[in-house]
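Engineer: In the working numbering, the protein residues as written are 711 to 1437.
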C-alpha cells in the first residue's frame, strides 16, 4: 500500500477517534483565525501531494516530490509579509499557499494544479516545470535542490539596503523588506550553501545591512542519507554574525512565535538570522521512492505517527478554534475540491512545439526612462585629467576603464562587484579610479568566492539594479558556473519571463600572457558559456571595439534584461604594437560615448577575395600580424572579427565572407569543443563547396614559462595554414 494512502487513512481514523499525538498547549500570539487559516493551507498542501500521485498514475501529472511533513511552514509564511521576497525550498507548498491568503485575488489550488499538469496556462512557468513561485506573491521560482539559490538570496537582501542609497528605476522590494530563503538540512551541507552562510556572516560582521532570514527545514534525511542527530543545531548555534532561532515545525504556535521573533530581529537589526525548523518527511523523497527500502518500518511508522496535521488538529481543539469534527470536515472537503479542480486542470492545453518551450528563453524588453547622460561639466569633473588624454591612442584596458566610467555616469543602477575591483582597481588596473569616482557601494570589493560574487549580482538584479560582476580569470569561473547555468539563465525560462537576471559579467580570459600564471590565469575554454541557452557571449579584439561593445552589452542588460558575458582578452589589455616595436599599431582613440557596436555586427578588415580569415580576440591580432607575409605571397585577404561568440552572428558572418574563395578559421580555444566547431558547421551549411580549414589550440592546458603559447595558434602557424589552403 502506498505510504500516502496509509498516512491519509491514519489521519481519518485518528481524528475520528480523537487519537491525537501529545504536544505542548497552544501559546503565543497566533490568533484562532490565523491558526485555522494555517490549518487550511496545510490541508490544501497535503491534498495536492496526494493528487499529484493520482495524476502521475493516470499519466496526467509529472511531479511528485511533495511537502507532506513540512506543512508547519505555513506558520512561517503567516509571520512574514507578502512583500518579503521568498526563495523557497521545494517542499514549501504550504508556505506559498499560506502567503496566497495574504494577497487578494489568488486562485492558488488552480494555479498549482496547472503546474502539476504541466499546462501552458500555469501562471508561473507556463508549463515548463513544476515549480513553486508567483510574481504576485514575490516568490521567484526555484528548480534547485542543492541550495544554489542561497547566494542570490544574499544578493537580494543586500539590494534592499543598496536601494535605500541609490534606488533603481525598476526596484521592486520595499525599503523595510526582508528576504527569506529556505532549504533542507541535507542541502545545508552543500559547498554552495556553506559559502553563502560564510558570506552572510562576513557581511554581517562588518555591520553591512543584510536583512536575510535563512530557514533550514530539518527533516533529518536527504533522500536516503540521514543527517546526524543534532548536526544542524551544533553547526549553526554559535556562528558569528548569524543569529540562531529554533522551533518545532510540528507546533504551529511555537513556529509562528519563533518566526515572528526572527523576522523582527532581521527587519529591525538589518542582520541575517538562521531559523531552524524541525520537520518530518512523509511518503519518502518522491513518488517512486520507497522509504522502507532504506529505513526500518518502525522508523517510518514513528514519523507518520507525528503527522503535523494531527498536531494541528489537537492544537486547534485545545485553543477552542476548531473541533476535531470541524477539522476533519475541512480536510475531506479540501481533498474533494482538489480532485474536482484537478479533473479540469488536466484538460488545459500544454506546450507542444520547440518554439513553445523556448519562448521564454529570451526575457521581455522593459521600458527604461530616457537619459541624456551626464552633463559635460559632470563628465569633466569625474574624468579629471583623463579627459585630455582621450584624443590620443590608448591601450585596451584604459579604454575599457573609460567606457565603464561613462556607463556608470549615465546609469546610476549599474553596480560593479568582485575581488579587488574597488580599492586596488582590478588585477590589471581596468577598474582603477572607479571606486573614488562612484563610491564603495557602487564598486563593491567582495570576499574571494566566485559563487558569492555571482549570487550578489543575481540577487541585486532582482531589485532593479544592473549588476556588472567581475570574475578575475576565466578559470575561476568554473567553480561557480552553475550560478549562470542553473540560476541566472533559467530564471526567465522557468518564470515565463516574469523574473529576469539582467547583468553584464566581465571576465578576464583567454591565453597568450607571456610566461605568467599557467592554466589558472590563461584559460582558453569558453564551451561552458556557449552551452548556456539565452546567454550572450561577447569578445572584443581591440580597445575601441571593447568600449563600443560594452555599451551594447549594458543596453542589452538594461533594456532587454539579457544575461551577458563580456570576455576581455587579458593579453590584449596592455598591447601597444602590431608589427614593430613602438609602432603603436594596436592602440586606438577612445570612441565617442554615442558609438556602439550592435549585437551581431561583425568586424571586417580588408577586402581581399583569395582568403577570408574568420577569428576573434587574440586571433584577430595574430591574423593582422600575419597579413604582410600573406600579401607578400600574393594572397589577398580579409580578416573577419566575429566579436559575438554566442549566439553566433550567422547572417553577418555569411555576408562577410561573400565573394571570398576560401575560408580559414583561426580559433584560440581548444580543438574539441571550441568555437571553430560551430564556425566550421555554419560555413559548411551556408557556403557549400567553399574550401574550409581551421587552426585551433590543442586540447591542452596552458603552460607557465616560455612555452606559454606553444599549444595555441601563432602568426607563423596562421601563415602556414593560409599558404596551404591557398596552394
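The C-beta atom is built at its ideal place from N, Cα and C for all residues, glycine as well.
Give me, in chain order, the residues of the same chain whose beta-carbon lies closer than 8 Å to that of residue 1010; leave out the 5 immediate sequence neighbours on both sides.
Structural biologist: 713, 1001 and 1002
Engineer: According to the Cβ coordinates, are residue 1330 and residue 1345 closer than 8 Å?
Structural biologist: no
Engineer: Just the C-alpha distance for residue 1386 and residue 1235, rounded to the nearest angstrom, thanks.
Structural biologist: 12 Å
Engineer: Apply the 10 Å Cβ neighbour rule to residue 1081 and answer buried if 16 or more other Cβ atoms are within range, or exposed otherwise.
Structural biologist: exposed
Engineer: Which residue spans inside the stretch 946-1012 form an unbroken beta strand (DSSP E) run of at least 3?
Structural biologist: Whole beta strand (DSSP E) segments, 3+ residues: 953-958 and 983-988.
Engineer: Leaving aside the five residues before and after residue 1397 along the sequence, list all residues of the same chain whose C-beta is less than 8 Å from its C-beta, in chain order.
Structural biologist: 1364, 1367 and 1373
Engineer: With 16 other CB atoms within 10 Å as the buried threshold, where does residue 814 fall?
Structural biologist: Exposed.
Engineer: Could you tell me the boundaries of the alpha helix (DSSP H) in which residue 1050 lies?
Structural biologist: Per DSSP, residue 1050 belongs to the alpha helix (DSSP H) from 1034-1055.
Engineer: Terminal residues of the continuous beta strand (DSSP E) containing residue 890?
Structural biologist: 889-894
Engineer: Excluding five sequence neighbours on each side, which residues of the same chain lie with their C-beta closer than 6 Å to the C-beta of residue 1184?
Structural biologist: Contacts found: 1217, 1219 and 1233.
Engineer: Quick check: the stretch 901-921 against the stretch 1170-1177, are at least 3 beta-carbon pairs closer than 8 Å?
Structural biologist: no
Engineer: For residue 878, tell me which candidate among 757, 1118, 1339 and 798 has the shortest Cα-Cα distance.
Structural biologist: 1118
Engineer: Residue 801 and residue 777: beta carbons closer than 8 Å?
Structural biologist: yes
Engineer: Measure the alpha-carbon distance for residue 1356 versus residue 1096 and round it to whole angstroms.
Structural biologist: 34 Å
Engineer: Using a 10 Å radius around the Cβ and a threshold of 16 neighbouring Cβ atoms, would you call residue 1342 buried or exposed?
Structural biologist: Burial call: exposed.
Engineer: Is there a Cβ of chain B sitting closer than 8 Å to that of residue 749, yes or no?
Structural biologist: Looking at the structure shown, chain B is missing, and only one protein chain is on hand.
Engineer: Which value, in whole angstroms, describes the spacing of the CA atoms of residue 1042 and residue 939?
Structural biologist: Spanning the alpha carbons of residue 1042 and residue 939 requires a straight line of approximately 35 Å.
Engineer: Relative to the C-alpha of residue 839, which residue among 996, 828 and 848 is closest?
Structural biologist: 828
Engineer: Measuring CB atoms only, is the stretch 1124-1132 touching the stretch 1140-1155, in the sense that at least three cross pairs come out at less than 8 Å?
Structural biologist: yes
Engineer: Which of helix, strand or coil does DSSP assign to residue 1360?
Structural biologist: helix
Engineer: Is it the case that the Cβ atoms of residue 739 and residue 970 are separated by a distance below 8 Å?
Structural biologist: yes
Engineer: Which value, in whole angstroms, describes the spacing of the CA atoms of residue 1030 and residue 748?
Structural biologist: 15 Å
Engineer: From the DSSP secondary-structure annotation, give me the bridge partner or partners of residue 1248.
Structural biologist: 1276 and 1354
Engineer: Please state whether the Cβ-Cβ distance between residue 1165 and residue 865 is less than 8 Å.
Structural biologist: yes
Engineer: Flag this pair as touching only if the stretch 1105-1122 and the stretch 1278-1294 have three or more C-beta atom pairs under 8 Å; answer yes or no.
Structural biologist: yes
Engineer: Per DSSP, residue 1434 is paired with what?
Structural biologist: Paired residue(s): none; residue 1434 is not in a bridge.
Engineer: Return the CA-CA distance between residue 1008 and residue 1205, expressed in angstroms with no decimal places.
Structural biologist: 41 Å
Engineer: Give me the Cβ distance between residue 1321 and residue 1275, rounded to the nearest whole Å; I'm assuming they're in contact under 8 Å.
Structural biologist: 30 Å between Cβ atoms; not a contact.
Engineer: Please report the distance separating the alpha-carbon of residue 1242 from that of residue 1098.
Structural biologist: 42 Å
Engineer: Given a cut-off of 8 Å on the beta-carbon distance, is the pair residue 1269 and residue 1078 in contact?
Structural biologist: It is a contact, given that the beta carbons lie within the stated cut-off.
Engineer: Do you know how far the Cα of residue 1428 is from the Cα of residue 1076?
Structural biologist: 44 Å
Engineer: Can you find the residues in the same chain that come closer than 8 Å, C-beta to C-beta, to residue 1230, ignoring five residues on each side of it along the sequence?
Structural biologist: 1183, 1185 and 1186
Engineer: Is the stretch 771-787 in contact with the stretch 924-937, if contact means three or more CB pairs nearer than 8 Å?
Structural biologist: yes
Engineer: Classify residue 826 as buried or exposed, calling it buried when 16 or more other Cβ atoms lie within 10 Å of its own Cβ.
Structural biologist: buried
Engineer: Quick one: grab the DSSP three-state call for residue 1118.
Structural biologist: helix
Engineer: Indicate the three-state DSSP secondary structure (helix, strand or coil) for residue 1080 in the structure shown.
Structural biologist: coil
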